[in-house]
Structure formats: structure tokens, C-alpha cells
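J.: Residue numbers (my numbering): 2 to 119. Sharing a structure with you now.
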Amino acid sequence: MTVELYGIPNCDTMKKARAWLDAQDVTYVFHDYKKVGITEDRLRRWIGMSGWEVLLNRNGTTFRKLPEAERSDMSADRAVALMLAQPSMIKRPVLEAGDTLLVGFTPERYDAAGLGNA
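What follows is the structure, given as C-alpha cells:
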């Protein structure tokens, strides 16, 4: 099974997730969507699996700096447009492993998904 980890390298939560995966000897491919970007198809697939409300990082400074008019009346289409324009608005990390999609990181969730070596 291929494990793909999406995010940006300097994010503290990303560092924790990568350290946990490394400690568990999980082989993964890292996708830096700030450098490489992200496709609309992939974003829409993730939204279909988790919902745009989960995927859009409303707590980050990039989102909070938006004018109120851009933050209100959010929809899936508006969320996709924002995340495509500024990938740092995507909650981090996003981990894909087969049919599994995990948004955010906790060791317990990664373990529950069968990623740990325990």
C-alpha cells in the first residue's frame, strides 16, 4: 500500500506526523503542495471523502487574513477555489493510504488506521 503525505514541510503538525511515520518505519511519499501544487480533482475527491469543512483550515493565518466577505457564506466550490489559490489553507497533514484519508494528525488516529508497528 502506498502512503502519501500532503502538506508543507515547515508546519509543526507536519513535522510531528513525519516523525511519527518515520518512528513507525512507515514508508511514504511526501507531497509539498506549496511547491508542487494540488489538483482540483484531488481536492474534490478529498472533499467527497471528508467534507470541505474538515479540509479547509479556518484556524490558519492565511484564512483569518481574508476579508470577512470572503470567509462568510462558504461552500464547497468557494473552499476549493481558496485552497487551489492558496494551498496553505488546506488542513495539514492529509494522508492517503489506499481508501483511507486522514486529515490532521494524532498518533491515535494514525494507529487506528493501521499505520503503526505496534
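Ideal Cβ placement from N, Cα and C applies to all residues, glycine included.
If distances are taken between C-alpha atoms only, which option among Glu5, Pro10, Thr28 comes closest to asparagine 118?
T.: Start at 1 with the first residue of the sequence shown, and residue 118 comes out as number 117. The option with the nearest alpha carbon to asparagine 118 is Thr28.
J.: Using 8 Å as the cut-off, can you tell me whether the region 11-29 makes contact with the region 67-77, which would need three or more C-beta pairs spanning the two stretches below that distance?
T.: The region 11-29, when compared against the region 67-77, does not touch it at the 8 Å Cβ threshold.
J.: Do you know offhand how far histidine 32's Cα is from glutamate 109's?
T.: For the purposes of this step, residue 32 is identified with residue 31 of the sequence shown, where counting begins at 1. For the purposes of this step, residue 109 is identified with residue 108 of the sequence shown, where counting begins at 1. Rounded to the nearest angstrom, the two C-alpha atoms are 23 Å apart.
J.: If contacts are defined as beta-carbon pairs under 8 Å, then proline 94 and methionine 15 qualify, I think. What distance do you get, rounded to the angstrom?
T.: Taking the sequence shown and counting its residues from 1, one reaches residue 94 at position 93. Taking the sequence shown and counting its residues from 1, one reaches residue 15 at position 14. With a Cβ gap of about 5 Å, proline 94 and methionine 15 count as contacting.
J.: Cα separation between leucine 102 and arginine 46?
T.: For the purposes of this step, residue 102 is identified with residue 101 of the sequence shown, where counting begins at 1. For the purposes of this step, residue 46 is identified with residue 45 of the sequence shown, where counting begins at 1. Between leucine 102 and arginine 46, the C-alpha separation is close to 10 Å.
J.: Let's test the definition: count the other Cβ atoms within 10 Å of the Cβ of proline 10 and tell me whether it reaches 16, buried, or not, exposed.
T.: For the purposes of this step, residue 10 is taken as residue 9 along the sequence shown, with counting starting at 1. Exposed, since its Cβ has fewer than 16 Cβ neighbours within 10 Å.
J.: Would you mind giving the Cβ-Cβ distance between glycine 61 and methionine 90, rounded to the nearest angstrom? I have them listed as a contact below 8 Å.
T.: Mapped onto the sequence shown, residue 61 falls at position 60. Mapped onto the sequence shown, residue 90 falls at position 89. Yes, they are in contact, since the Cβ atoms of glycine 61 and methionine 90 sit about 7 Å apart, within 8 Å.
J.: Just confirm the distance between the C-beta atoms of tryptophan 53 and alanine 86, as a whole number of angstroms; I'd bet it's less than 8 Å.
T.: Counting from one through the sequence shown, the residue named residue 53 turns up at place 52. Counting from one through the sequence shown, the residue named residue 86 turns up at place 85. At roughly 15 Å, the Cβ-Cβ gap does not stay under 8 Å, so tryptophan 53 and alanine 86 are not in contact.
J.: Within its chain, find whatever has a CB closer than 7 Å to the CB of lysine 36; leave out the 5 residues flanking it on each side and keep chain order.
T.: As a first step, residue 36 is located in the sequence shown; it is residue number 35 there, counting from the start. None.
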